[in-house]
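Taken in order, the sequence shown gives residues 40 to 300; the numbers are from our numbering.
Input: a single structure, listed below in structure tokens.
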Amino acid sequence: MSAMHPITPIIRTGAYSILRDVSRAALETARLGIVRGPVGIGKTFALWQIAEDLSHGDDQVFLIEAPSDKSKSVRRFYQSALYDIGVYGHGGADPFDVFAGYMLRSFPFRRAGQRKRILLIVDECQRLAPNILETLRDAYDGGWLARNGMTEEPAFGILLVGNHDFLKRTRSEAATFEALRTRGPIKVELPRPEAGEYWALAEGLFPENDALRSALAKHGAKRGNLREMAEAHALARHYAGGGPISAIHLEKAMLFAGGTM
Ligand SMILES: Nc1ncnc2c1ncn2[C@@H]1O[C@H](COP(=O)(O)OP(=O)(O)O)[C@@H](O)[C@H]1O
Ligand SMILES: [Mg+2]
Numbered sequence: 040m041s042a043m044h045p046i047t048p049i050i051r052t053g054a055y056s057i058l059r060d061v062s063r064a065a066l067e068t069a070r071l072g073i074v075r076g077p078v079g080i081g082k083t084f085a086l087w088q089i090a091e092d093l094s095h096g097d098d099q100v101f102l103i104e105a106p107s108d109k110s111k112s113v114r115r116f117y118q119s120a121l122y123d124i125g126v127y128g129h130g131g132a133d134p135f136d137v138f139a140g141y142m143l144r145s146f147p148f149r150r151a152g153q154r155k156r157i158l159l160i161v162d163e164c165q166r167l168a169p170n171i172l173e174t175l176r177d178a179y180d181g182g183w184l185a186r187n188g189m190t191e192e193p194a195f196g197i198l199l200v201g202n203h204d205f206l207k208r209t210r211s212e213a214a215t216f217e218a219l220r221t222r223g224p225i226k227v228e229l230p231r232p233e234a235g236e237y238w239a240l241a242e243g244l245f246p247e248n249d250a251l252r253s254a255l256a257k258h259g260a261k262r263g264n265l266r267e268m269a270e271a272h273a274l275a276r277h278y279a280g281g282g283p284i285s286a287i288h289l290e291k292a293m294l295f296a297g298g299t300m
């Protein structure tokens, strides 16, 4: 991300504030949160920051991303998840057991000094096969004693984040949907960015050129998407070949960066 947009300024978005609030709630209560939102509004961008911001002291937030292949292999999912959170060399042990055990080192309801809180955030959940979601639910259910008042027992929070395809009520996913819906006390639908957010991002990308800034902000607002703005900007810079970006460069870039494939 940073390689592609080395000078993207960070703007405060509504998505960031909501995701942060929800993450805190899920972390502090060891509960399940479900967040859905449109593509390109800055969810992933915000989650990286939030995972870092909230990880301090006895709080630890792990962020993993669902693999892009909709794979049903539980083993592979947890192998890669363990790798992502920095746990290596678990020998022949079952990766799911290792992962669940690792998350269940979280004792959110112990008294101060002995407390430790873990939150797992899974991004791009619309890519998760239902059977994988079910295993996440199983790991989460490992915290039921703690959630039912046994303060010495372990439990960790989970935040599942995806676009609007996540937990759509298709027939094959209905059971998974129900099980998660009834468990998830925290549910949020993220809105599209507000008008000011497109302008703030355009301002950061074109601080010195009113015309380009305005064209880019309008493009973003029309598309309801921050990512396309950042991509159009990067592409326009490429077209400009090291020189100043012109309206023609930007227009061409917006045309291509706004594709609907
Ligand atoms: N708060 C922000 N500040 C600056 N740029 C942002 C911000 N949020 C998103 N962007 C830009 O939009 C791009 C896409 O955001 P991303 O987090 O991938 O969206 P989503 O996960 O909602 O699809 C980012 O790579 C970045 O260029
Ligand atoms: Mg994303």
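We put the beta carbon where it would ideally sit given N, CA and C, even for glycine.
None of these values were measured; they are calculated from a predicted model.
Any chain B beta carbon closer than 9 Å to residue i
i: tyrosine 179; result: Of the protein chains in the structure, only one exists, and it is not chain B.
Residue span of the alpha helix (DSSP H) that contains residue i, given as start and end
i: arginine 156; result: Where arginine 156 is concerned, there is no enclosing alpha helix (DSSP H), although the beta strand (DSSP E) it sits in stretches over 156–162.
i: aspartate 92; result: 82–93
i: valine 113; result: 113–123
i: phenylalanine 135; result: 134–142
i: aspartate 97; result: From DSSP, aspartate 97 is part of no alpha helix (DSSP H); its letter is neither H nor E.
i: aspartate 180; result: 169–180
i: leucine 251; result: 249–262
i: isoleucine 57; result: 53–68
i: lysine 291; result: 286–296
Contacts around residue i, its chain only, beta-carbon distance under 6 Å, and the 5 residues preceding and following it disregarded
i: proline 77; result: Arg231
i: methionine 268; result: Leu240, Leu255 and Gly259
i: glycine 334; result: Because the chain here runs from 40 to 300, residue 334 falls outside it and cannot be looked at.
i: valine 191; result: Residue 191 is actually glutamate in this sequence, not valine. Same-chain partners within the cutoff: there are none.
i: proline 48; result: Gly243
i: lysine 109; result: Arg166 and Ala168
Heavy atom of ligand 1 within 8 Å of residue i beta-carbon
i: tyrosine 127; result: no
i: methionine 142; result: no
i: glutamate 233; result: no
i: leucine 240; result: yes
i: valine 227; result: no
i: tyrosine 55; result: yes
i: isoleucine 50; result: yes
i: glycine 282; result: no
i: isoleucine 80; result: yes
i: glycine 263; result: no
i: glutamate 33; result: No information on residue 33 is available, as it lies outside the stretch 40 to 300 that the chain covers here.
i: arginine 266; result: yes
i: alanine 374; result: Since the displayed the chain opens at 40 and closes at 300, residue 374 lies outside it and no answer follows.
i: proline 106; result: no
i: aspartate 136; result: no
i: proline 224; result: no
i: alanine 185; result: no
i: aspartate 386; result: The structure shown does not extend to residue 386, since the chain is modelled only from 40 to 300, so the question has no answer here.
i: proline 169; result: no
i: aspartate 162; result: yes
i: alanine 296; result: no
i: alanine 292; result: no
i: alanine 90; result: no
i: proline 77; result: yes
i: alanine 85; result: yes
Beta-carbon proximity list for residue i, same chain, < 7 Å, skipping 5 on both sides
i: leucine 167; result: Ala105
i: lysine 155; result: Asp97, Arg144, Ser145 and Phe146
i: isoleucine 50; result: Glu236, Ala239, Leu240 and Gly243
i: arginine 59; result: Ile89
i: serine 94; result: Val100
i: tryptophan 87; result: Leu102
i: glutamate 233; result: Gly53
Buried/exposed call for residue i, threshold 16 Cβ in 10 Å
i: threonine 221; result: exposed
i: threonine 52; result: buried
i: tyrosine 127; result: exposed
i: isoleucine 81; result: It should be noted that the sequence gives glycine, not isoleucine, for residue 81. Glycine 81 is buried by the Cβ-count criterion.
i: glutamine 99; result: buried
i: histidine 277; result: exposed
i: glutamate 270; result: buried
i: phenylalanine 295; result: exposed
i: alanine 42; result: Reliability of the predicted coordinates at alanine 42 is poor, the pLDDT of 45 falling under 50, and no value is obtained from them.
i: histidine 203; result: exposed
i: tyrosine 122; result: exposed
Residues of its chain near residue i, where Cβ-Cβ distance is below 8 Å and the 5 sequence neighbours each way are ignored
i: serine 285; result: Ala279
i: glutamate 67; result: Pro147, Arg156 and Gly196
Beta strand (DSSP E) segment containing residue i, residue limits
i: arginine 75; result: 71–75
i: lysine 226; result: 225–228
i: valine 200; result: 196–201
Proximity test, residue i beta-carbon vs ligand 4 heavy atom, cut-off 8 Å
i: proline 246; result: Here the bound small molecules are ligand 1 and ligand 2; ligand 4 is not part of this structure.
If you measure from each CB to the nearest heavy atom of ligand 2 and keep those under 5 Å, what residues do you get, in chain order? The set of residues with CB atoms less than 5 Å from any heavy atom of ligand 2 reads, in chain order, Lys82 and Thr83.
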